[in-house]
Each structure stands twice: as structure tokens, then as C-alpha cells.
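Below is one structure, written out as C-alpha cells, with a few remarks after it.
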Amino acid sequence: MASKVSPSCRLVFCLLISAAVLRPGLGWYTVNSAYGDTIVMPCRLDVPQNLMFGKWKYEKPDGSPVFIAFRSSTKKSVQYDDVPEYKDRLSLSENYTLSIANAKISDEKRFVCMLVTEDNVFEAPTLVKVFKQPSKPEIVNKAPFLETDQLKKLGDCISRDSYPDGNITWYRNGKVLQPVEGEVAILFKKEIDPGTQLYTVTSSLEYKTTRSDIQMPFTCSVTYYGPSGQKTIYSEQEIFDIYYPTEQVTIQVLPPKSAIKEGDNITLQCLGNGNPPPEEFMFYLPGQPEGIRSSNTYTLTDVRRNATGDYKCSLIDKRNMAASTTITVHFLDLSLNPSGEVTKQIGDTLPVSCTISASRNATVVWMKDNIRLRSSPSFSSLHYQDAGNYVCETALQEVEGLKKRESLTLIVEGKPQIKMTKKTDPSGLSKTIICHVEGFPKPAIHWTITGSGSVINQTEESPYINGRYYSKIIISPEENVTLTCTAENQLERTVNSLNVSAISIPEHGEADDISDENREKVNDQAKLIVGIVVGLLLAALVAGVVYWLYMKKSKTASKHVNKDLGNMEENKKLEENNHKTEA
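Residues -27 to -1, 1 to 556, numbered by mature numbering (1 follows the signal peptide of the UniProt record, and there is no 0), are exactly what the sequence shown covers, in order.
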């Protein structure tokens, strides 16, 4: 209900001192505002037709009013009272809505909108609440490290400039930490800024770590109330360095290798699983009872086979906390007998041995003139083709780079050996004389002719292979002549002669110019043909076989008779020629 005012009172004065009555149906109304925003408070009263003016006030804690804004309904003018804390911050609209710019904590008051008529005063109260979101919490004063089984301060979680004050919660790996005697202690503290009236809240955490806390994230959060309700802000994760003693020692060989061989450099590295890790260790070498104090590494250079054995390392102050490893230094020895350059005579015996000594089974390969041999060489009777460069090579397949090789350069020497052959050309106009020579070093061949006749080609020679080659000449003797072949090397001089009749006289016992290899091939072909013929003969009639054998023997006898007559005639002519020469 509106209060009655005596006509004898001045209206404005009476209004200020009279107790106004709330309009029926209007209760408490709250406006929530964020810190720094504009507070907007509607009057919430219907404007009466006989309105004289509207006015806003707020109430002090003791209940006394402080008027701050006035607006006349007739003059449409607005007046703001001289209240320092609201200077230049107020705005009163035509519908009597009051706005307060740049909301502060001190604006949390009970404001009242007053509409005044000639006989009534209507009031509508509004309660203002101001909220300030805190800053993002952060963990400060962090411990440089934590030690297992010790209750130690981890750090402070701080959140600044909030209103009202917030609540801080600690987390380990996302789970809330609650105080536990002897393990978790949380101390909460809050401060208020006298000027801004904003809160700064701090929570200190003491924590007893274990090895399970290694690499575990710690966070904190602040929970606060804002215009729209409760909210939570989380800090960044923090991971703390956890110190714990060494419980296990390990040893390893560097660089990691599948196998170690003589001449390698190896480094022993000892590690402890504590944090921080131990910096010094005791190293124990095979056969040395006294340990060697060193950093976490110990290097052995140019290791030998006697370095094979067990190696151990331990903590300086805890000798029983140790680790060991076994190192095998692989080795490979090769002995070739004989080796180097060896000179032997043709037909000599030469035993050759390649002896291997190794840390495990080794492979052996023989090479001759860069060609792999199927087996190791053995010389019971040396031939010229046995000469060459022999290499015995061995290796350990499982050990990279471990191989040995020795070489033998075999020289097979022999005095010159001569064999002479002759052949008449099918045309009957020339004869070919060949001097086959065998020996090493390579013999030099020289020809001499006794008698008359033209020499067609005197210097044709074959390649020198396996200590053999030949020289041949082609002549057309007009009379019987003697050809002499001389072969000479550093060992000996050998001479051989061959009588050659004139081209008008056929030669007796001419040998074809067939090499030993070709002769063997001819023999093989002959054996094959004979086998076929024998098979056919076995299928033939017995009478035919007897007849064929009889005819073959008859032809052979006739041929021998002709050859004997030819030889007698040729020898007779050679004797006559010698008599003439003597005369």
C-alpha cells in the first residue's frame, strides 16, 4: 500500500523521510553481473499516470539510504547525486532502468527503484551480485626433484583475482588427492586485495612419492561460482623428477656386436637403474681380483684371445650389487708350408699343408691363379702345369672381417726335351719338320740344316703352354738333308737331328703333326668306333668274321713289306750321298 502524506508537509521532504511501502506482489529480485561488465537493473514498476518523478537509491549496511539518481516525469531531465564511487558510471533511462558501468565488487548492494506521485511512493528493490572469474591456476614453487619414501613439498597451486573465492583441488594422473596422514598433506590459504576486493587462493601440497609416481602428471584446479553457475579451470600438467636408489646393475658391451675378434676395441658400460644413475663403478677383469674404479665405461683396446673371460661391475659402496658378462675374443691362425716362392724340378714330390687354428670351425678355400680348386693340392710328381700361384684362404663365417690367407708361388723347372716329326705335303712339293720342345724356363729353339734345299718358313712357333711348345719349318729339299733342332734354357742345351730325303723320295715312318691332346681325342673316337664295330661283328656270322680278320692281316703284312723296301732304298741313297761328300 502507498503511504498517505499530510498536505501541510512539503512533498519532497516528506517523501524522503517517510517509509515507503513495497508494491504488493514484488519480492526480492537479483541481478548477476560479471566483474567489469555493465549492471542493468529494470525498475520493475508500472509507471503511474500521475507520476511526478522517479528516483534510485541503495542501502548502506546499517540500512540508511543513499540516493544516486533522479528523473522528472515532466521535464524529462536526469540528475545524478554526488556519490564519488558512482561518478560517471550511472545511466537512467526513460523507463527508469538504471545501468551501472564497469561493475565492481563494491556494487554488491541492495538497490531500490522509487516512483513518486502526489500521494504515493512505490518501491521495487533489486539485489546486485558481482562475480569475477579467477585466473588459470598454475603450479609454482615446484620442487626440483622428489625422493621416494619421503614426505616433501611438491609445490603451490595458486589462482588469482576471483570473486567470490574459489576452491583448489589437487590431482595425480587425473585422480583427486585427499589428505592422508604421512603421505598427503594439503594446506589452503586465501588473501583479499584491499583495493579490488578480489581473492587470491593458494594450496600447498606435500606428497610422499614412490617409484610408481615416475612420469605421473600432477595437476590442480580451481572451482568458482559465476553468473551462470559453478565452473572449474584446470592447470597445466607437471611431471616431477623422482629420485630413487639403484636396485639393479647391468653391464653391456659397446659397440654392440654379434662377435668380437682379435684387434677390436671394446667398451664395457655399467648402468644402474636408480635416479640419478650412479656415476662411478668398480670394474673387475678376468684374472684380476682387484677392481678398477672408473666412470660408467671402461675401454679395452686391441684385445687378444687371452682377454676371453667373465667381466663384472658393481656399485662403489655396494659390491654385492653387481652384474657380469662373458666376452669371447675370436681368433684365427693360418700356417702354409711351404709358402712364398718355391722352385722344384719336374717329377719332384712336393707336400703342401695349410694348418688352421681358430676359436671355432673355420672354412678353408684353395685358389690357383684366382680359380677355386675343388680340393687341396697334392704333388707326388710335379708337372709343368702344376706351376702357378696358390692361395690358402680361411675365414670364420660368424665373425665379420676375420679371415686369413697365405700364398705359394710354385715354379716347376725342367731341362729341354726334344721330339722331332716330319710330314710330306699332299701335293708332294714340300715337307714340314716340327721340333716339339718341353722345358722350363722356356727353351730357345734354333734350327740348322745340313745339305741343300730351300727353306720356305723357318720361324713359325706355337704358344708356350704348360712348359711345351713347338717350332716348325717347311722345306723343299732337292737332295737328302739333315735338320738339327737345338733347345736351350738356363739348365741345359739339348740337340736332336732328323734325316729328310729329297722331295722325289717318299718318307718312311712320317708322324702326323698331332698334339698329345688331339691324339687322345682321336683314340677316344677310335675306341667308340671299335665298340660299335665289335657290336655289329658279334651279330654277324662267324664265317664273315673269320674272313674279315683274314683279309685285315693280309693287308697289314703287305704294308710292312712296302715300308721296309722304301727304307732300304732311302738308306742306300743317303750312303751314296755321304760318299760323294767325303770324296
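All residues carry an ideal CB built from backbone N, CA and C; glycine is no exception.
Between residue i and residue j, is the Cβ-Cβ spacing less than 8 Å?
i      : j      : result
Val226 : Ile300 : yes
Asn439 : Ile391 : no
Ile73  : Tyr59  : yes
Asp180 : Leu258 : Looking at the sequence provided, one finds Tyr at residue 180 rather than Asp. Against a cut-off of 8 Å, the Cβ pair of Leu258 and Tyr180 comes out as no contact.
Ile141 : Pro117 : no
Tyr144 : Thr192 : yes
Leu402 : Ser449 : yes
Ser435 : Cys408 : no
Leu307 : Glu411 : no
Tyr216 : Arg184 : no
Ile12  : Ala76  : yes
Thr270 : Leu309 : no
Lys404 : Lys415 : no
Tyr363 : Leu375 : no
Lys105 : Asp138 : no
Ser176 : Ile187 : no
Phe254 : Ile289 : yes
Ile224 : Thr298 : yes
Ile78  : Tyr136 : yes
Lys82  : Tyr31  : yes
Rounded to whole angstroms, what's the CA-CA distance from residue i to residue j? Just pull it up for me.
i           : j      : result
Gln151      : Ser108 : 24 Å
Ser272      : Ala295 : Position check: residue 272 holds Thr in this sequence, whereas Ser was assumed. Approximately 18 Å, taken between the alpha carbons.
Ser531      : Thr459 : Annotation note: pLDDT 39 at Ser531 (below 50); position unreliable, no value reported.
Val276      : Ala232 : 13 Å
Ala(-26)    : Asp35  : For Ala(-26), the predicted model reports a pLDDT of 32, less than 50, meaning its position is unreliable; a value from the coordinates is still stated below. Cα to Cα, the separation comes out at about 24 Å.
Asn334      : Gly387 : 41 Å
Ser348      : Pro251 : 58 Å
Pro(-4)     : Asp80  : Legend: pLDDT at Pro(-4) = 46, less than 50; position of this residue unreliable, value from coordinates given subsequently. One C-alpha to the other measures close to 27 Å.
Glu263      : Val337 : 42 Å
Gln221      : Val195 : 42 Å
His356      : Tyr284 : 56 Å
Ile212      : Asn248 : 15 Å
Pro311      : Thr328 : 11 Å
Lys84       : Val4   : Residue identity differs from the one stated: residue 84 is Phe in this sequence, not Lys. Between Phe84 and Val4, the C-alpha separation is close to 10 Å.
Arg62       : Gln203 : 29 Å
Leu383      : Asp359 : 8 Å
residue 560 : Asp214 : With the chain represented from -27 up to 556, any question about residue 560 goes unanswered, as that position is not in the structure.
Ser330      : Trp339 : 17 Å
Asn293      : Lys148 : 40 Å
Lys230      : Phe413 : 52 Å
Val454      : Ile406 : 12 Å
Arg441      : Asn462 : 13 Å
Asn238      : Leu305 : 17 Å
Gly199      : Ser46  : 37 Å
Ser400      : Gly313 : 55 Å
Lys234      : Val325 : 28 Å
Ser332      : Arg266 : 31 Å
Val51       : Ile112 : 51 Å
Specify, as a first and last residue, the run of the beta strand (DSSP E) that residue i falls within.
i      : result
Asp129 : Leu124 to Ser135
Met255 : Phe254 to Tyr257
Met14  : Ile12 to Met14
Leu160 : Val157 to Ile165
Trp29  : Leu24 to Glu32
Thr175 : Tyr172 to Lys181
Leu150 : Per DSSP, Leu150 belongs to no beta strand (DSSP E) and is neither H nor E.
Gln203 : Gly202 to Tyr207
Asp102 : For the sequence presented, residue 102 should be read as Lys rather than Asp. Element bounds for Lys102: Val94 to Phe104.
Trp143 : Asn140 to Arg145
Ile239 : Ile239 to Gly245
Pro190 : Pro190 to Gly199
Ser231 : From DSSP, Ser231 is part of no beta strand (DSSP E); its letter is neither H nor E.
Thr169 : Thr169 -> no beta strand (DSSP E), and no H or E assigned at all.
At a threshold of 7 Å, does residue i count as lining the ligand SAH (C-beta to nearest heavy atom)?
i      : result
Tyr357 : Among the components of this structure there are no ligands whatsoever, and the ligand SAH is therefore not found.
Report task. Write down every uninterrupted run of the beta strand (DSSP E) in the region 345 to 395 whose length is 3 residues or greater and which is fully enclosed by it, in chain order. Result -> Within the region 345 to 395, the complete beta strand (DSSP E) runs of at least 3 residues are 361 to 368.
Requested in this report: Would you list, in sequence order, the uninterrupted beta strand (DSSP E) runs of no fewer than 3 residues that lie entirely inside the region 266 to 339?
Outcome: Fully enclosed beta strand (DSSP E) runs of 3 or longer: 270 to 273, 282 to 288, 295 to 300, 305 to 310, 313 to 318 and 326 to 331.
Report task. Assess, as a yes-or-no matter, whether the region 113 to 127 is touched by the region 92 to 104 under the definition of 3 or more beta carbon pairs within less than 8 Å. Result -> The answer is no - the region 113 to 127 does not touch the region 92 to 104, with fewer than three Cβ pairs under 8 Å.
Query - Segments assigned beta strand (DSSP E), at least 3 residues, entirely inside the region 401 to 476 - result: The qualifying runs are 404 to 413, 417 to 423, 427 to 434, 441 to 449, 454 to 461 and 466 to 473.
Query raised in the report: Between the region 276 to 290 and the region 305 to 322, are three or more C-beta pairs nearer than 8 Å?
Result: Flag = no, the region 276 to 290 and the region 305 to 322 do not touch.
Report task. Taking only runs that begin and end inside the region 33 to 73, name each unbroken beta strand (DSSP E) of 3 or more residues, in chain order. Result -> Complete beta strand (DSSP E) runs here, min 3: 38 to 45, 51 to 53, 63 to 65 and 71 to 73.
Query raised in the report: Can you find at least 3 beta carbon pairs, one from the region 7 to 25 and one from the region 83 to 95, that sit closer than 8 Å?
Result: The region 7 to 25 is in contact with the region 83 to 95.
Query raised in the report: For the region 62 to 72 against the region 33 to 49, are there 3 or more C-beta pairs whose distance is under 8 Å?
Result: Because the criterion of three Cβ pairs below 8 Å is met, the region 62 to 72 and the region 33 to 49 touch.
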